[in-house]
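To start, the structure itself, in structure tokens.
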Amino acid sequence: MTWQLRKASAADLHHIMQIEQSVFVTDAWSESVMRAELESGNTVYVVATALGAPDVVQGYAGLMVPPGATEADVQTIAVAPDVRRMGLGRALMHALLKAARSAGVRDVFLEVRADNAGAQALYESLGFVGIGVRPGYYQPDDVDALVMKLELPRQSTAVGAS
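Just so we're aligned, residue 1 is where the sequence shown starts under UniProt numbering, counting upward by one.
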């Protein structure tokens, strides 16, 4: 399947919230929190739509990256249940990592549920490594968060005589 990725806007909020509530059943963000995330000057949010259906959001992801920061944090990523395991999560992560590189970020962090082996495998395949645990981070389920970090390759500024 092919998707089109674009910057998320407040107009996408309804679709984002539908996915949010279906994916994060017990700990979904509220609409007001999600709206604030979309409107923040410190975040980059992308949505994925099916090619030819630009109004049908099938996934979204967000990155906290304040201007001038050397670190960024993946705030959230979610894919609609009916299009999982098709590469959309990877495409969304690539979009966030591209935004991080463009912003000059050196390190990207994220938290992932300790019981979400699929997401952990995706992040590891992208180069993230576990660096810690936040006990009971996900409430009300009392599930630990694994903290992961990706060091982005430094852009070389090669100088030399020709």
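All residues carry an ideal CB built from backbone N, CA and C; glycine is no exception.
Beta-carbon proximity check, residue 56 vs residue 48, cutoff 7 Å: With respect to residue 48, residue 56 sits apart: the two C-beta atoms are not nearer than 7 Å.
Tell me the residue span of the alpha helix (DSSP H) that contains residue 36. In the DSSP assignment, residue 36 falls within the unbroken alpha helix (DSSP H) covering 31-39.
Near residue 132, what residues of its chain come up, given a Cβ to Cβ distance below 6 Å and the 5 sequence neighbours on each side ignored? Here the set comprises 147.
Which residue wins for smallest C-alpha separation from residue 120, given the options 4, 93 and 2? Out of 4, 93 and 2, 93 has the C-alpha closest to the C-alpha of residue 120.
Proximal residues to residue 130 (C-beta, below 6 Å), its chain only, five neighbours per side dropped: The answer, listed in chain order, is 146 and 148.
Would you call the CB atoms of residue 46 and residue 103 closer than 7 Å? Against a cut-off of 7 Å, the Cβ pair of residue 103 and residue 46 comes out as no contact.
Reduced DSSP category for residue 56 - H, G, I as helix; E, B as strand; rest coil: Note: residue 56 maps to coil in three-state DSSP.
Note down the Cα distance separating residue 71 from residue 43, rounded to an integer number of angstroms. The C-alpha of residue 71 lies about 12 Å from the C-alpha of residue 43.
Excluding the 5 residues preceding and the 5 following residue 36 in the sequence, name in chain order all residues of the same chain whose CB lies nearer than 8 Å to its CB. If we look at residue 36 and ignore the five residues flanking it on each side, it has no Cβ neighbours.
Out of 100, 144, 151 and 138, which has the shortest C-alpha to C-alpha gap to residue 28? Ranking the options by Cα distance to residue 28, first place goes to 138.
Which of helix, strand or coil DSSP assigns to residue 162: Note that residue 162 scores 48 on pLDDT, short of 50, meaning its location in the model is unreliable; the coordinates nonetheless yield the value given after this. It is coil, neither helix nor strand.
Which of helix, strand or coil DSSP assigns to residue 130: Assigned with DSSP and collapsed to three states, residue 130 falls in strand.
Who are the Cβ neighbours of residue 90 in its own chain at under 7 Å, not counting the five residues just before and after it? Hits under 7 Å: 122.
Assuming residue 4 is part of the beta strand (DSSP E), what are its boundary residues? 3-7 is the extent of the beta strand (DSSP E) around residue 4.
Can you grab the Cα-Cα spacing for the pair residue 34 / residue 13, in whole Å? Distance between the alpha carbons of residue 34 and residue 13 is about 8 Å.
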